[in-house]
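Asks:
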């Protein structure tokens, strides 16, 4: 099913399915990176930002409620 979806998307935009999938992964990762940077700026309290930012952030912002951050828990081995 997943492969069929990428095949269909590839046909619509006339691009190989693997290229569509790779592009989507890069866009999603960039969206999450931008979100982390915005959150870090808010925590810093400075209120000033000199960076350019991700051009497509506003267009992709609707995905924020669907793309969740993974939380990693590190366990320290007891010796």
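In my numbering, the protein residues as written are 59 to 137. For glycine and all other residues, C-beta sits at the position ideal for the given N, C-alpha and C. Keep in mind that this is a model prediction, so the values were computed, not measured.
When the distance is taken between beta carbons, is residue 64 closer than 7 angstroms to residue 75?
Replies: The residue you call residue 75 lines up with position 17 of the chain shown. The residue you call residue 64 lines up with position 6 of the chain shown. Result yes, Cβ atoms of residue 75 and residue 64 sit closer than 7 angstroms.
Asks: Take the Cβ of residue 114 as the centre, count every other Cβ of all protein chains shown within 10 Å, and call the residue buried at 16 or more, exposed below.
Replies: Within the chain shown, residue 114 is the residue found at index 56, counting from 1. Exposed, by the Cβ-count rule.
Asks: Tell me the rounded alpha-carbon separation between residue 88 and residue 67.
Replies: What you label residue 88 is simply residue 30 of the chain shown in a count that begins at 1. What you label residue 67 is simply residue 9 of the chain shown in a count that begins at 1. Straight-line measurement puts the Cα of residue 67 at about 21 angstroms from the Cα of residue 88.
Asks: Using the Cβ count rule (16 or more neighbours within 10 Å means buried), how would you classify residue 100?
Replies: Here the question's residue 100 lines up with position 42 in the chain shown. The residue is exposed, with fewer than 16 neighbouring Cβ atoms inside 10 Å.
Asks: Can you list, in chain order, the residues of its chain with a C-beta nearer than 6 angstroms to that of residue 79? Leave out the 5 residues immediately preceding and following it.
Replies: Against the chain shown, residue 79 aligns to sequence position 21. Cβ within range, chain order: 64.
Asks: Indicate the three-state DSSP secondary structure (helix, strand or coil) for residue 115 in the structure shown.
Replies: Locating residue 115 in the chain shown gives position 57, where the first residue counts as 1. Look at residue 115 here: in three-state DSSP terms it is helix.
Asks: Whose C-alpha, out of 72, 60 and 85, is nearest the C-alpha of residue 121?
Replies: Taking the chain shown and counting its residues from 1, one reaches residue 121 at position 63. Of the candidates 72, 60 and 85, the one whose C-alpha sits nearest the C-alpha of residue 121 is 85.
Asks: So what does DSSP say about residue 74, is it helix, strand or coil?
Replies: Walking along the chain shown from the start, residue 74 turns up at place 16. Residue state, collapsed to three classes: coil.
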